[in-house]
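Heads up: the sequence shown runs through residues 879 to 1251, numbered per our numbering. Written out below as structure tokens is the structure these notes cover.
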Amino acid sequence: MRVVELGGIGPGPFAGMVLSGLGAEVIRIDRPGGRISPADTILLRGRRSVAVDLKHPDGVAAVLRLTDSADALIEGFRPGVTERLGLGPDECLARNSRLVYGRMTGWGQDGPLAQAPGHDINYIGLTGVLHAIGPAGGDPVPPLNLIGDFGGGGMLLALGVVSALLHARATGSGQVVDAAMTDGSALLLAMTYGFLAGGLWSDERGVNLFSGCAPHYTTYRCADGDHVAVGAIEPQFYAALVHGLGLSDDPACATQGAPGTWPDVRRRFAEVFATRTRDAWAEHFAGTQACVTPVLSLTEAATHPHNAARGTFVHGDGPLRPAPAPRFSATPATPATTPGARPEQGEDTRSVLAGAGLTESELDSLTRRGVIA
């Protein structure tokens, strides 16, 4: 599959990275002389880079030539921008009726906020996600930009594009995929809304099972200042946790109890966890059913024995980075197919456009006039 990616930031490039990691040929359209963010070192891996001025009609015409042979196009501009450029879905689908046109925005292609600016924190704030994260009585805590930009944004776009590609292959007809971070972050709350509907979730911050207030589903500070994560939800796992902490004879800790007992039990657990270092607890609970694991830093995670055994992170041929996922039995990623660092901006301009049918004289003319680089 060939995907043309109109250069953007954040969730759009993430979708392109995911599709590239799954085997698609992704051609990114960069702006000549555009600034490269440090984050793009990873997000732009596995691409071919074509530098084209989309504000010039001849640059737009060159990109339209690329869409003629593409399976999909993805873009992350505000609604209406690509239409004003002459690269909207109507123009592209008129030339290639099988094309999947993937659109990544925060608010969606329509609705009262469609033209409003925003970022991850705004989108998850509007859908209830941000309200639910943080301590009881405290302020909402932004969960990095993982939920709006990437989980509810770029990943949703990648899934939408793949689904529409299956439809196009079966029917011969392309379509537009409207991936909005508000829609995606709301979708990620499906189980939470199920709990809410069943009376098992209070619409307050920091008082529910997965909010970090339960003694058996939270983090604890250890003697060295590092932390362990505890996820002993099921009774048998909780029993293993209590046994490992040496609290089996403590009546208050004997059962998971009602939420009203949680603060006291959590204090007791915290006192015990504070007596050893993080790594000492990790070794102590290794091989048990207590669901206790160390909270690792970004650099530590790459060297953990489990992650190392699975190759979850890639060290060679570029910066430290997560490996492509998921994994396939028939078409596994190999070192030769695992994307490395991002390409240099415009390094593939002439070869890609030549493959789309532009002649050497046309390419020379576009280069002289600064339309391509």
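Where a beta carbon is used, it is the ideal one built from N, C-alpha and C, also for glycine. Remember, it's a predicted structure, so these values are computed and weren't measured experimentally.
Span of the beta strand (DSSP E), counted from its first residue to its last, around residue i
{"i": "Gly980", "result": "978-983"}
{"i": "Ala1252", "result": "With the chain covering 879 to 1251 only, the question about residue 1252 has no answer from this structure."}
{"i": "Glu883", "result": "880-884"}
{"i": "Gln1053", "result": "1053-1058"}
{"i": "Ala1232", "result": "First-last for Ala1232: 1227-1233, but that is the alpha helix (DSSP H), not the beta strand (DSSP E)."}
{"i": "Asp908", "result": "903-908"}
{"i": "Thr1096", "result": "1095-1099"}
Helix, strand or coil at residue i [DSSP, three-state]
{"i": "Phe1151", "result": "helix"}
{"i": "Leu870", "result": "Given a span of 879 to 1251 for the chain in the structure shown, any question on residue 870 remains unanswerable."}
{"i": "Phe1028", "result": "helix"}
{"i": "Thr1212", "result": "coil"}
{"i": "Ile1250", "result": "strand"}
{"i": "Ser1089", "result": "helix"}
{"i": "Val1252", "result": "One cannot answer for residue 1252 here, as it falls past the ends of the chain, which runs 879 to 1251."}
{"i": "Arg925", "result": "strand"}
{"i": "Pro1137", "result": "helix"}
{"i": "Phe1206", "result": "coil"}
Residue i, buried or exposed, once every other Cβ within 10 Å from all chains shown has been counted against 16
{"i": "Ile907", "result": "buried"}
{"i": "Phe1147", "result": "buried"}
{"i": "Gly1194", "result": "exposed"}
{"i": "Leu1022", "result": "exposed"}
{"i": "Ser1051", "result": "exposed"}
{"i": "Ser915", "result": "exposed"}
{"i": "Phe1163", "result": "buried"}
{"i": "Met1069", "result": "exposed"}
{"i": "Thr1049", "result": "exposed"}
{"i": "Gln1114", "result": "exposed"}
{"i": "Thr1209", "result": "exposed"}
Segment limits, alpha helix (DSSP H) that includes residue i
{"i": "Gly894", "result": "889-899"}
{"i": "Glu1112", "result": "Where Glu1112 is concerned, there is no enclosing alpha helix (DSSP H), given that its DSSP letter is neither H nor E."}
{"i": "Ser1243", "result": "1238-1246"}
{"i": "Arg1047", "result": "1033-1049"}
{"i": "Val959", "result": "959-963"}
{"i": "Arg973", "result": "967-973"}
{"i": "Arg913", "result": "Premise fails: Arg913 is in no alpha helix (DSSP H) and is neither H nor E."}
{"i": "Ala1014", "result": "Note, Ala1014: premise wrong, no alpha helix (DSSP H); not H, not E."}
{"i": "Thr945", "result": "935-946"}
Problem set entry | Segments assigned beta strand (DSSP E), at least 3 residues, entirely inside the stretch 1155-1185 | 1170-1172
Exercise. Would the stretch 892-903 and the stretch 1024-1040 be scored as touching if the rule is three or more Cβ pairs under 8 Å?
Worked result: yes
Exercise. At a cut of 8 Å, does the stretch 991-1000 reach the stretch 918-935 through at least three beta carbon pairs?
Worked result: no
For this session: Count the CB pairs spanning the stretch 1008-1022 and the stretch 979-987 that are closer than 8 Å, and state whether there are at least three.
Result: no
For this session: Mind the definition here: the stretch 1152-1164 touches the stretch 1100-1120 only if three or more C-beta pairs lie below 8 Å; say whether that holds.
Result: yes
Exercise. With contact counted as at least three CB pairs below 8 Å, one residue from each stretch, are the stretch 995-1007 and the stretch 1053-1070 in contact?
Worked result: yes
For this session: Tell me, please, whether the stretch 957-974 touches the stretch 1030-1044 by the rule of three or more beta-carbon pairs shorter than 8 Å.
Result: no
Exercise. Is the stretch 1226-1242 close to the stretch 941-948, with three or more CB pairs under 8 Å?
Worked result: yes
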